[in-house]
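K.L.:
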Amino acid sequence: MINLHPTDEQLLQFAQGLASPGLSLIIAAHMDMCGKCAARVAQFEGRLAEQALSHPQAAEPELQKMLDSIMALPAQTGVKPDCAAFLELDGRKFALPRSLQRYAGKISGWSHMVGKLWQARVDLGIEGRADFIYMEKGGSVPEHTHKGNELTLVLDGEFSDGLNHYDTGDFIRCDGQHTHMPHTEADEGCLVFSLLDQPLHFTSGLARLLNPFSHLFFK
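The sequence shown runs -16 to 202 under our numbering.
1) Nearest by alpha-carbon distance to Val24: which of Ser7, Gly108, Val137, Tyr86 is it?
2) Indicate the three-state DSSP secondary structure (helix, strand or coil) for Lys89 in the structure shown.
3) Is the distance from the Cβ of Thr151 to the Cβ of Gly140 below 8 Å?
4) Would you call the CB atoms of Pro(-11) and Phe154 closer than 8 Å?
5) Run the CB neighbour count on Ser177, radius 10 Å, all protein chains shown included, and call it buried at 16 or more, exposed below.
6) I need the straight-line Cα distance from Gly0 to Glu133, nearest angstrom please.
7) Mapping the DSSP letters down to three states, classify Cys17 as helix, strand or coil.
8) From this set, Glu171, Leu179, His148, which residue's C-alpha is nearest Met164's C-alpha?
9) On the DSSP bridge list, what partners appear for Val175?
And the structure:
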């Protein structure tokens, strides 16, 4: 059951076309999994369209451009030939939301890391870092906080971090006010999609020794 969603402000920014590329992508992927947020965005888009059509002279240029681009988009029918509906790891297949399927073939390959973690970097062509991260049962990410913002979407399975428990479809935003240690005890493990605009800052254990070099791993 999905319990954590983008805020109305974030959904409105998405509807207006004003959200950052990274936030737009992760909201779109969340909407693929969450009918509640998809319906909410449809409501916002409907209101924006009514405002623009009722008062075309008063419509902001950005809004008018958004409406023009929406009207010009071709109808989408299924998955494009160069997209993969599944992400494969060590013989397992994970279904991806439609908005992320185009990136299944753009990962840099899976890296097996300490802590029963697997990581695959994704080239989105934008600033920041994007990764698919899989935690095996008993896997964990060392305790850390954030120099910037971290956006996470749970794609399959569940995990906890000392602050909350997260299930498939949950949308999570963390910043410098959060210190947490993601881990999972789920038999199926947990796959997430994560976006960072700044490196992590580790706060305990030997992982703290990596902090002076965090910018190197972030490239």
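Backbone N, C-alpha and C fix where the C-beta goes; we use that ideal spot for every residue, glycine too.
P.N.:
On the basis of the supplied data:
1) Residue mapping note: residue 24 aligns to position 41 of the sequence shown, counting from 1. Nearest of Ser7, Gly108, Val137, Tyr86 to Val24, Cα basis: Ser7.
2) Position 106 of the sequence shown, counted from the first residue, corresponds to residue 89. Residue state, collapsed to three classes: helix.
3) The count along the sequence shown starts at 1 and reaches residue 151 at position 168. The count along the sequence shown starts at 1 and reaches residue 140 at position 157. In contact: Thr151 and Gly140 (Cβ atoms closer than 8 Å).
4) Reading the sequence shown from its first residue, position 6 is the one you call residue -11. Reading the sequence shown from its first residue, position 171 is the one you call residue 154. Yes; because the gap between Cβ atoms is below 8 Å, this pair is in contact.
5) Position 194 of the sequence shown, counted from the first residue, corresponds to residue 177. Buried, because 16 or more other Cβ atoms sit within 10 Å of the Cβ of Ser177.
6) The residue you call residue 0 lines up with position 17 of the sequence shown. The residue you call residue 133 lines up with position 150 of the sequence shown. The straight-line gap from Cα to Cα measures roughly 20 Å.
7) Within the sequence shown, the letter at position 34 stands for residue 17. The answer is coil: DSSP assigns Cys17 none of H, G, I, E or B.
8) Here the question's residue 164 lines up with position 181 in the sequence shown. Nearest option by C-alpha distance: His148.
9) As a working mapping, residue 175 is identified with position 192 in the sequence shown. Its beta-bridge partners are Ile116, Val137.
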